[in-house]
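Protein sequence lines correspond, in order, to chains R and Y. Oh and the first sequence: position 9 is 669 in this note's numbering, straight run, nothing missing. Oh and the second sequence: position 396 is 1056 in this note's numbering, straight run, nothing missing. The beta carbon of each residue, even a glycine, is placed where N, CA and C say it ideally should be. Since we're looking at a predicted model, the values are computed, not measured. Structure first, then comments.
Number of protein chains: 2
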Amino acid sequence: MNFEEKYSVLGKSLRSSLIRELLKYASVPNSISFGGGVPDPETFPRNELARIASEVIEKEYSYVLQYSTTEGDPELARQMVNLFDKIFGIKNLDVDNFMFTTGSQQALELAGKIFLDKDSIAIVENPFYLGAASAFKMQMSKFITIPIEDDGMNVDILERKLKDLDNKGLVKKVKFIYVIPNFHNPAGVTLSLEKRKRIIELAEKYDLLILEDDPYGLLRFEGEHIPSLFKLAGMERVVLLNTFSKILAPGLRIGAVAGDKEIVRKFVLAKQGTDLCSSALTQRIAARYLERYDLIQQITPTIKLYKSKKDTMMKAFDEYFSDIKGIKWINPKGGLFTWVTLPEGFDTMEMFEFAKEKLVFYIPGQAFTPDDSPSPSMRMSYCLPPHEKIIEGVKRLKEVIITYGKSKGLI
Amino acid sequence: MNFEEKYSVLGKSLRSSLIRELLKYASVPNSISFGGGVPDPETFPRNELARIASEVIEKEYSYVLQYSTTEGDPELARQMVNLFDKIFGIKNLDVDNFMFTTGSQQALELAGKIFLDKDSIAIVENPFYLGAASAFKMQMSKFITIPIEDDGMNVDILERKLKDLDNKGLVKKVKFIYVIPNFHNPAGVTLSLEKRKRIIELAEKYDLLILEDDPYGLLRFEGEHIPSLFKLAGMERVVLLNTFSKILAPGLRIGAVAGDKEIVRKFVLAKQGTDLCSSALTQRIAARYLERYDLIQQITPTIKLYKSKKDTMMKAFDEYFSDIKGIKWINPKGGLFTWVTLPEGFDTMEMFEFAKEKLVFYIPGQAFTPDDSPSPSMRMSYCLPPHEKIIEGVKRLKEVIITYGKSKGLI
């Protein structure tokens, strides 16, 4: 049977993600990978989770092993209400302002379903988080990209593009502005308070929704927490996506949508036909964990660990990269990623062949362009390799940059 | 902000499922519900699962608490290969013929994504399993419905409709035939071997894919297991959907797709943007469970329990329903459901108001019509209420039928 004939337009268009293909190489022995964006498994509170898992299965089996509601565990929602109050000082929420998803990825996909038609426009950042790109692309809608600077999205360009759309009568086609405000994936930068306020002003002016994706916000190494757009503008304007993947464990697959009850209800309806409900077991494990332990206290060692690894990487950059003319990198204030931009003319995808030789891996910036165009940048994660491997990896990468740069006459 | 303006066509069209709305009433004290299709929690092997959960979190934390691959746990896939060999005598499979989903519901939704465009046709059964309907409807494609008889889909009508489509040059628009062969939800019937063979012949003649959904096949009360279409026709023609929800525990949220490697790969790619991966924890729990316990032996008490409850319901039907002229019901050979059809003129949705009065609940057949049209039938599940409640519930339902029938001049 010729399966190809049977596929839908979407089915035919599906391709394996570039990251996935590239990371296959990273499992070669003696290789050093800065590619993955996964947490260090030693940060998972395995003893606590093992105890809780066994306990909830024994005692709450008729809930945790059964089908649950599409919106998710009400006890976890209650914990979220408490967390938002305690950590962010957001007091006006109740359980109906939350619903749980299979990681943030599902929330992004549901957002695509709820908001985007083929002729819709989503305003996104450039570089563009790959997971959001693959979710939104399933709706075949259009993107308008706004470049990211050291303090987040270039708001002047955002303003200009919105004005332009308005002049053309197209601003009604814009369904939302998608933004990762803290420790951006892949750009590593944080959106400043001033820019948050300007984005909100523009969203109000043109009556746009903001989709705020914040998986890393609690992993801050230094400086003051900047209030979320969700807090600044309120639920009338902002839907906030959170996840337990970076602060507890990705294997639980729990994301959370916080928003106006009407919108949350739409997410629930979209999830109903998508996968009926998420696992009550993993949600109840998370709920009991939050009930018994102080999350902020629990993640303090994780933050310390990632900060020290980030520092090691920055020191190695200083040592090995400083003499490469025109190189630039982000010193992130939190999260998992830094973003290195090589001098003009470099193509980190092409350079990947050289990196494979030296057994050092990163994600080429091309993976984060909405139109798959060449990029001189690369995403590097510091959270998984041990300190000495970080130094050794940066050293190898320096050689890669030099060899590739010379071969292209760029250095 | 007027959210309604921001929603997509799909977003606007999303409505809460009828079942969900109706089952809200079932939580009233002293009510008896035959509505839900959920397993009895006492059948869940909670002690075994609690032990395994704690053990895999302690010992395999770097796998079970981490992100996993989109295709799912390779150890669970290995267990599936063994199961298919041991239970069904299907020997030509390997791990790449399987992928895991968040319950069957996600597999149905991914099938919709991969195969259905707006102008595609899906051939489905009438009554139509509600979960499949809500998944496929998200692609806005067309349905052609084939009525179900006591031995499954009416194959003569299927043949006629396919011929008709072929004459109109539309048969290429047909992407698959969706069929629940065993202990149909909601119809309770099983597709005969003869009909399975005829469906395959027609699929071959018109070069159609078959999507075989088999959540209940292992829950057989009596008679011989009938080979699956997947076994009869092979992976070239059939994609088989399975789930652990009815044979282990729905709270784990594990469904399985079995098929040709190329098609399985497409499901994986569609899942990547949909939710990245399912929980490695719940999958590894299932894998270890299958490794250590004999599934068939483990589900024997469950089958016994459901059979005895089914027998109680059938006996109660004989006692209370026999004198209602024109009533018909299915005596299922397995699974969770029976399907009761009242005499012409009855509308079980309208009758629901009378059932609410008497505190007895069922799912009106209307919920399973593709176009939401009135139906004289209702789905009744026997697996959750205790024996005495089954008898009392059927007795109440008799009163409901009489009162409603008299009020409409039907009796």
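Asked                                                                                                                                                                           : Found
Which runs of the beta strand (DSSP E) spanning at least 3 residues fall entirely within the region 1008-1046 of chain Y, listed in chain order?                                : 1037-1041
Can you check DSSP and say which residues form a bridge with residue 807 of chain Y?                                                                                            : Y:786
List the endpoints of the continuous alpha helix (DSSP H) containing residue 972 of chain Y.                                                                                    : 955-981
Does any C-beta atom of chain Y lie closer than 9 Å to the C-beta of residue 680 of chain R?                                                                                    : yes
Starting from the beta carbon of residue 674 of chain Y, find every residue of chain R whose beta carbon is closer than 7 Å, and list them in chain order.                      : 926, 929 and 930
Under a Cβ-count criterion, where at least 16 other Cβ atoms within 10 Å of its own Cβ denotes burial, should residue 687 of chain R be classed as buried or exposed?           : exposed
Give the DSSP-derived three-state secondary structure of residue 693 of chain R in the structure shown.                                                                         : strand
Any contact of the region 871-888 of chain R with the region 898-911 of chain R, i.e. 3+ C-beta pairs under 8 Å?                                                                : yes
If you follow the alpha helix (DSSP H) that residue 872 of chain Y is in, where does it begin and where does it stop?                                                           : Element bounds for residue 872 of chain Y: not the alpha helix (DSSP H) but the beta strand (DSSP E), 869-873.
At what residues does the alpha helix (DSSP H) containing residue 740 of chain Y begin and finish?                                                                              : 734-748
Across the region 945-965 of chain Y and the region 973-992 of chain Y, are there enough close Cβ pairs to call them in contact, namely three or more that are closer than 8 Å? : no
Less than 9 Å between CB atoms is the rule here; does residue 761 of chain Y satisfy it with respect to chain R?                                                                : yes
Taking only beta carbons into account, state which residues of the region 819-835 of chain R come closer than 7 Å to chain Y, listed in chain order.                            : 835
DSSP three-state call for residue 796 of chain Y: helix, strand or coil?                                                                                                        : helix
Applying a beta-carbon distance threshold of less than 7 Å, which residues of chain Y neighbour residue 710 of chain R?                                                         : 714, 717 and 718
At a Cβ threshold of 9 Å, is residue 907 of chain R touching chain Y?                                                                                                           : no
What did DSSP end up calling residue 763 of chain R once you bin it into helix, strand or coil?                                                                                 : helix
Looking at C-beta atoms only, is the number of pairs between the region 683-697 of chain Y and the region 813-831 of chain R that lie closer than 8 Å three or more?            : no
Taking the C-alpha atoms as reference points, what is the distance between residue 967 of chain Y and residue 1037 of chain Y?                                                  : 22 Å
Quick one, which of R:926, R:921 and R:938 has its alpha-carbon nearest residue 915 of chain R's?                                                                               : R:938
With three or more beta-carbon pairs closer than 8 Å as the criterion, would you say the region 721-730 of chain R touches the region 691-706 of chain Y?                       : yes
Identify which residue in R:1049, R:865, R:765 and R:843 has its Cα closest to the Cα of residue 897 of chain R.                                                                : R:865
Would a check of beta-carbon distances place residue 1029 of chain Y closer than 9 Å to chain R?                                                                                : no
In this structure, does DSSP put residue 849 of chain R in helix, strand or coil?                                                                                               : coil
Just verifying my parser: in three-state terms, what is the DSSP assignment at residue 781 of chain R?                                                                          : strand
Can you pull the chain R neighbours of residue 1046 of chain Y, defined as C-beta to C-beta under 9 Å?                                                                          : Per Cβ cutoff of 9 Å: no residues; residue 1046 of chain Y is ~14 Å from chain R at best.
Contact check, residue 782 of chain R vs residue 760 of chain R under 8 Å by CB: the rounded distance?                                                                          : Wrong, their Cβ atoms sit about 23 Å apart, outside the cutoff.
Where do the N-terminal and C-terminal ends of the beta strand (DSSP E) with residue 836 of chain R fall, by residue?                                                           : 834-839
For the region 884-900 of chain Y, which residues have a beta carbon sitting closer than 8 Å to at least one beta carbon of chain R?                                            : 896 and 897
Within 10 angstroms of the Cβ of residue 1079 of chain R, are there 16 or more other Cβ atoms? Answer buried if so, exposed if not.                                             : Because chain R here runs from 661 to 1071, residue 1079 of chain R falls outside it and cannot be looked at.
Would you give the residue range spanned by the beta strand (DSSP E) that residue 918 of chain R belongs to?                                                                    : 915-918
Would you list, in chain order, the members of the region 773-795 of chain Y that have their beta-carbon closer than 8 Å to a beta-carbon of chain R?                           : 773, 774, 775, 776, 777, 780, 791, 794 and 795
Is residue 606 of chain Y helix, strand or coil when you go by DSSP?                                                                                                            : Residue 606 of chain Y lies beyond the residue range present for chain Y, which begins at 661 and ends at 1071; the question has no answer from this structure.
Using DSSP with H/G/I as helix, E/B as strand and the rest coil, what is residue 878 of chain Y?                                                                                : coil
Mind checking the region 855-871 of chain Y against chain R and listing, in chain order, the residues whose C-beta falls within less than 8 Å of any C-beta there?              : 867 and 869
How many Å lie between residue 858 of chain R and residue 920 of chain Y at the Cα?                                                                                             : 52 Å
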